[in-house]
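Engineer: I have a structure here, written as structure tokens, and I will follow up with some questions on it.
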Amino acid sequence: MPVIAIPALIRNLTDGEDSVTVEGATIREVINSLEDQYPGTKAKLCDGDRIHPSIGVYINGVLTRVAMHDPVDTDAELHFLPAISGGGGSS
Amino acid sequence: MSEKKEYKVIGTRPIRHDGVDKVTGRAIYGADFQITGLLHGRVLRSPHAHARIVSIDTSHAEAYPGVKGVVTAQDLPAAEDKMADLGEGAVNLKYLCDNILASDKVLYKGHAIAAVAATSPHIAEEACELIDVEYELLPPVLEVREAMEPDAPILHENLTTSSLGDEDDKPTNIASHLQHKKGDIEKGFDEADVVIERGFVTGTVHQGYIEPHNATAHYNQDGQLTVWCSTQGAFTVREQLAEILQYPVSKIKVVPLEIGGGFGGKINVYIKPVAALLAKKTGKPVKVLMNRADVFEGTGPTPASYITIKMGAKKDGKITAAQTSLAFEAGAYPGSPVGAGAMCVFAPYNIENVLIDGYDVVVNKPKSAPYRAPGATNAAFGTETVVDELAEELNIDPLELRLMNGAKEGDRRPDGPVYPRIGFIETLEAAKEHPHYTSANGKKYHGRGIASGFWFNIGLESSVTINVNPDGTINLVEGSTDIGGTRASIAMQAAEVLGIPAESVNPTVVDTNSIGYTAVTGGSRTTYATGYAAYEAAQDVVKQMKARAAKLWEVDEDNVQFADGEFSSINGKEEQMSFRDLSGKLSQTGGPVVGRATMDPAGAGGAFATHVVDVEVDVETGKVEILRYTATQDAGKAIHPSYVEGQIQGGVVQGIGWALNEEYIYNAEGEMTNASFLDYRMPTCLDLPMIDAVIVEVPNPGHPYGVRGVGEVPIVPPPAAIANAIYDAIGIRMTELPMSPDRLLKAMGKI
Amino acid sequence: MARKSHVQTTINDETVEFLCEPRQSLLEVLRDELHLTGAKEGCNNGNCGACSVILDGRLVNSCLVLGVETDGKSMETIEGLADPDKLHPIQDAFLENAALQCGICTPGFIMSAKALLDNNPNPTEHEVRYWLAGNLCRCTGYDKIVRAVLDAAEAT
């Protein structure tokens, strides 16, 4: 089952757990599953029915631009980190 | 180490496609654009760092002969206090608009207030002086630690600290707080035999591109808005204009002209919406150009910061814990790169116990903008200096200490994600084996320093179309503005697929009406992501042309293969035809072939660099001279090695400038006192030796040719490497940037 | 507005006449009146060298010269350097050495290099660096520019 790494600042909502195993086959389902286990978490990660624009989602270590309906592998590890825009090298 | 694949085009050094235009002066940059009936715009800027605007009277300026229109924030659609999505990230729309033309408050000296369009630039400038603005002065706050104090002057009355954790509703200058936590930090420090803790200050520095910002705008009678400009991303400009002007994207065409440097500083818009407002008001095309002082005072520098770093290690060299607090100046509006700094600060090392806190803080300086690996250089200055000090305390060679703790594939980055294949260790090994590192170093006042750096790189959207010409060449259409030779590096990837020379590709950068969405040239993404799109578009061409060959040869499509630029039939019929010959037969086999691809690749693959520098310190004057510089960097696969070297050398030299000279100098009133290239001193060629760029190739699994972005990471190590070299030379740890002669003399107790 | 002056000058071996206001710099005249936009404005106060041209054999920042001062003089700009069918050896060397990235400073560097090689056909690396120190480049770190000029010296 997918694992969500819990951002440090919301571990107060997960009894200090830094990672939580969740159910679900899409981003929406895994976030809802997390919310079921630890109420209040979804509001931190989402802005309505989308990932909060200030958050970047990493799937298995890779920053991935996902929408709520995107599928999640059963062995995926998800991180929700501050979204950061790239800067500019010159290329 | 590097996986040896045979390539025909990749790894060669062809002449860049836009080269002749650029060495003959024919290339048209933003300011070079001419159009009939052009008016010239000029922006009035705030002389104060912090003030409330009581009133603006433009009547005298409007009456001045030659003036055709004056605009203020009143001419902008009323901005809601909402988040606008702008491709790369979310931005508060009111902040975005207020930074274009201030509505109620000016928040930095140089903040735009009004603009004039006139028949000549001189008249526009004179008319600006006739605009009467009444201000109510407010005390400015100019330094991040002061801005965080509870009694600091407040920039935005309604700003509260946003955080994933508990919200606080008290007005503050701390716009956000972020945190990464891994392991048990207390336990980590308990295990350590040596713990080093230091505070670091970095100055405000500018991207320093040579071409000032520019924009020409025109509204047609049918409402079509066209903006000609230099930008890192035409589509990003279109999105920002649509939000700021509340105008549909379908009615905005952005034409990217050649761009004279960006380094992150030409992603945000400043005068482009102003040119549009003036064009709307006057009914004429209007060109607005910044001068150099405008660029320094009105466009994003990269933030000053205050950083504490605490690291502990065991006697055997194992780093057991690392803790940091990163406080970054966002400038006038929230949005410093502290998130990136937090991601990069300990990223080169595999450390079990980590605690990272980051603070985004508003101050009365221009809104910060990305600058080459934004945030990472500030952070690495701290980390890499402390790692050097740990090495000294432990009596371990600093390069060996990095090798012992360096991150590898499968290690978990301090902020969580697990690394795919990365090449940090390989850059360390390349530095260790380099004749520079093995050469003698021991003369009086000479010193050697090393430092490493990480930048994550990004993917994002790119679109490419390829039109096949009858003579076996292709026209490649892309949306990535070319700042450093990317026409070549993108064209070469298509050429490699098709088995044709790089010279057989005509790459063209087009406007927003002529190609699919393409994100900015930035984040070291262009050769990676747009190159990937070119690769896929070329594959699409191959697929379609296989079908044409099948038609000609009357065989099944599956029985046509393509290799080394030749189509051939398998399973029976002996047929063969080159890409070129088949290109000549397209009209007989169904018409033109157009390949296309859009990409949003996820596997950008991080970039690492390790630098070695030798310096000489003049103990009389405090001047530091760079004697020798070697930079090793994992490029994944260098498509055009000359331009990869160029990126490394250029990044290193920007880092040297940041380390030794560059900073915004402010007086107590918050006025920048050195807003010219004379007083804001960037390195000249006389300040430098040759920069030895060593390309290491650990292919990125996230790209068909293994490309990793190369543009940004080379700026990350230099300040720390130079600080470590200064320590080696004179035994003093410099913890403040820039390490200018006066700071060195102070540190040596001479003044 | 001050009355415009009539100026006759030679640019790239061609006689050129123009009208300009007394306050207009040579750079403004070149770019806005004559549409010779190869000279670039980077700073408009003589610090960056992006507007370098050669005036009566001497390298100048065209932003620091008034248009009216060029009356009766002769100048070379980037637009006059190449032959119709081939580039100048300095231009070739810049391309061969990948000595440009964004290219905005390139015309200025090439004109400075031309002035250097006209004066000193066999410069040392230090002499090249000394001579080009009035031109700022923010992209390349100068390494490849210095190599290009040294290569061009060898080729000429």
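Residue numbers (the numbering used here), protein chains in the order written: chain A, 1332 to 1422; chain B, 6 to 756; chain C, 24 to 179.
Just so it is clear, CB atoms sit at the ideal spot from N, CA and C, and this is done for glycine as well.
Since the model is a prediction, treat every value here as computed from it, not as a measurement.
On the criterion of 16 or more Cβ atoms from any shown chain inside 10 Å, does B/Gly208 qualify as buried, or is it exposed?
Structural biologist: B/Gly208 should be labelled buried.
Engineer: Using a beta-carbon distance below 8 Å, is C/Lys167 in contact with chain B?
Structural biologist: For C/Lys167, the answer is yes, since a Cβ of chain B falls inside 8 Å of its Cβ.
Engineer: Using CA coordinates, which residue listed in B/Leu262, B/Ala66, B/Leu169, B/Asp137 is at the minimum distance from B/Tyr34?
Structural biologist: That would be B/Leu262, whose Cα lies nearest to the Cα of B/Tyr34.
Engineer: Ignore the nearest five residues each way along the sequence and tell me which others in C/Asn67's own chain have a CB closer than 7 Å to its CB.
Structural biologist: For C/Asn67, where only same-chain residues beyond five positions count, the Cβ hits under 7 Å are Cys86.
Engineer: Skipping 5 residues on each side, what residues in its chain have a beta carbon closer than 6 Å to that of B/Asn828?
Structural biologist: Given that chain B is displayed from residue 6 to residue 756, the structure contains no residue 828 of chain B and the question cannot be resolved.
Engineer: Run the CB neighbour count on B/Gly687, radius 10 Å, all protein chains shown included, and call it buried at 16 or more, exposed below.
Structural biologist: Checking the sequence, you will find Met at residue 687 of chain B rather than Gly. Its Cβ being crowded by 16 or more others within 10 Å, B/Met687 is buried.
Engineer: Can you list, in chain order, the residues of the stretch 112–144 of chain B whose Cβ is nearer than 9 Å to any Cβ on chain C?
Structural biologist: Under the 9 Å Cβ criterion, the stretch 112–144 of chain B contributes Ser125, Pro126, His127, Ile128.
Engineer: Using C-beta distances below 8 Å, list every residue in its chain close to B/Gly608, excluding the 5 sequence neighbours before and after it, in chain order.
Structural biologist: Excluding positions up to five away in sequence, the list reads Pro425, Gly464, Asn705, Pro706, Gly707, His708.
Engineer: Kindly indicate which three-state DSSP category C/Gln31 falls into: helix, strand or coil?
Structural biologist: Note: C/Gln31 maps to strand in three-state DSSP.
Engineer: What residue ranges within the stretch 452–535 of chain B form continuous alpha helix (DSSP H) runs of no fewer than 4 residues, ordered along the chain?
Structural biologist: Listed in chain order, they are 491–503.
Engineer: Counting beta carbon pairs with one atom in the stretch 20–33 of chain B and one in the stretch 488–498 of chain B, are three or more of them shorter than 8 Å?
Structural biologist: The stretch 488–498 of chain B vs the stretch 20–33 of chain B: in contact.
Engineer: Let me know the secondary structure DSSP gives C/Asp94 once reduced to three states.
Structural biologist: If DSSP states are grouped into helix, strand and coil, C/Asp94 belongs with coil.
Engineer: Would you kindly check if the distance between the Cβ of B/Glu389 and the Cβ of B/Ser310 is under 8 Å?
Structural biologist: Against a cut-off of 8 Å, the Cβ pair of B/Glu389 and B/Ser310 comes out as no contact.
Engineer: Answer yes or no: do B/Val546 and B/Val598 have a C-beta to C-beta separation smaller than 8 Å?
Structural biologist: The answer is yes: Cβ separation under 8 Å.
Engineer: Tell me A/Pro1402's beta-bridge partners as DSSP assigns them.
Structural biologist: A/Thr1357.
Engineer: Beta-carbon of A/Val1353 versus every beta-carbon of chain B: anything under 8 Å?
Structural biologist: Taking Cβ atoms only, chain B never reaches closer than 8 Å to A/Val1353, which makes this a no.
Engineer: Report the three-state DSSP secondary structure of B/Met695 (helix, strand or coil).
Structural biologist: It is coil, neither helix nor strand.
Engineer: Bridge partners for B/Tyr311 per DSSP, in chain order?
Structural biologist: Partner(s): B/Val206, B/Ala332.
Engineer: If we ignore side chains and look at the alpha-carbon of each, how far apart do C/Pro107 and B/Pro353 end up?
Structural biologist: Rounded to whole angstroms, C/Pro107 to B/Pro353 spans 53 Å at the Cα level.
Engineer: Exposed or buried, which one is C/Ser75 when buried takes at least 16 other CB atoms within 10 Å?
Structural biologist: Answer is buried; the Cβ neighbour count reaches 16.
Engineer: To the nearest angstrom, how far is it from the Cα of B/Met753 to the Cα of B/Ile737?
Structural biologist: For B/Met753 and B/Ile737, the distance between alpha carbons rounds to 8 Å.
Engineer: In the stretch 171–191 of chain B, which residues sit with their C-beta less than 7 Å from some C-beta in chain A, listed in chain order?
Structural biologist: Within the stretch 171–191 of chain B, the qualifying residues are Leu183, Gln184, His185, Lys186.
Engineer: Can you find a CB in chain B that lies within less than 8 Å of the CB of C/Gln114?
Structural biologist: So, interface residue.
Engineer: From what residue to what residue does the alpha helix (DSSP H) around B/Ile731 run?
Structural biologist: Counting along the chain, the alpha helix (DSSP H) containing B/Ile731 begins and ends at 723–735.
Engineer: With DSSP as the reference, label A/Gly1419 as helix, strand or coil.
Structural biologist: Below a pLDDT of 50, predicted positions are generally treated as unreliable, and A/Gly1419, at 40, falls in that range; the measurement from the model is reported next regardless. Of the three classes helix, strand and coil, the one that applies to A/Gly1419 here is coil, per DSSP.
Engineer: Report the neighbours of C/Gly90 on chain B: residues whose CB is nearer than 9 Å to its CB, in chain order.
Structural biologist: Within chain B, no residue comes near C/Gly90; the closest Cβ sits about 13 Å away, beyond 9 Å.
Engineer: Residues in its own chain within less than 6 Å of C/Ala171 by CB, not counting five upstream and five downstream?
Structural biologist: Contacts found: Ala116, Phe117, Asn120, Ala122.
Engineer: So, for B/Leu587: in the same chain, excluding its five sequence neighbours on each side, which residues have a beta-carbon less than 7 Å away from its beta-carbon?
Structural biologist: Excluding sequence neighbours, B/Leu587 sits near Met550, Arg553, Ala554, Phe572.
Engineer: Where does B/His451 land, buried or exposed, given buried means 16+ other C-beta within 10 angstroms?
Structural biologist: B/His451 is buried by the Cβ-count criterion.
Engineer: Give the secondary structure of B/Gly34 by DSSP, where H, G and I count as helix, E and B as strand, and everything else as coil.
Structural biologist: In the sequence as displayed, the identity of residue 34 of chain B is Tyr instead of Gly. Residue state, collapsed to three classes: strand.
Engineer: Who are the neighbours of B/Asn296 on chain C, taking C-beta pairs under 7 Å?
Structural biologist: Near B/Asn296 (Cβ distances below 7 Å), the residues of chain C are Asn67.
Engineer: Is it a yes or a no for the stretch 131–149 of chain C touching the stretch 238–251 of chain B, going by three-plus beta-carbon pairs under 8 Å?
Structural biologist: Too few Cβ pairs lie closer than 8 Å, so no.
Engineer: Smallest Cα separation from B/Ala284: which of B/Tyr732, B/Ala543, B/Ile40, B/Glu667?
Structural biologist: Selected option, being the one with the closest Cα: B/Ile40.
Engineer: Check this for me: beta carbons of B/His218 and B/Val111, under 8 Å apart or not?
Structural biologist: The answer is no: Cβ separation not under 8 Å.
Engineer: Look at the alpha carbon of B/Glu148 and the alpha carbon of B/Gly336, and state the distance between them as a whole number of angstroms.
Structural biologist: Approximately 10 Å between the Cα atoms of the pair.
Engineer: Taking the Cβ atom as the reference point for each residue, do B/Val232 and B/Val260 lie within a distance shorter than 8 Å?
Structural biologist: Their beta carbons are under 8 Å apart, which means B/Val232 touches B/Val260 by this criterion.
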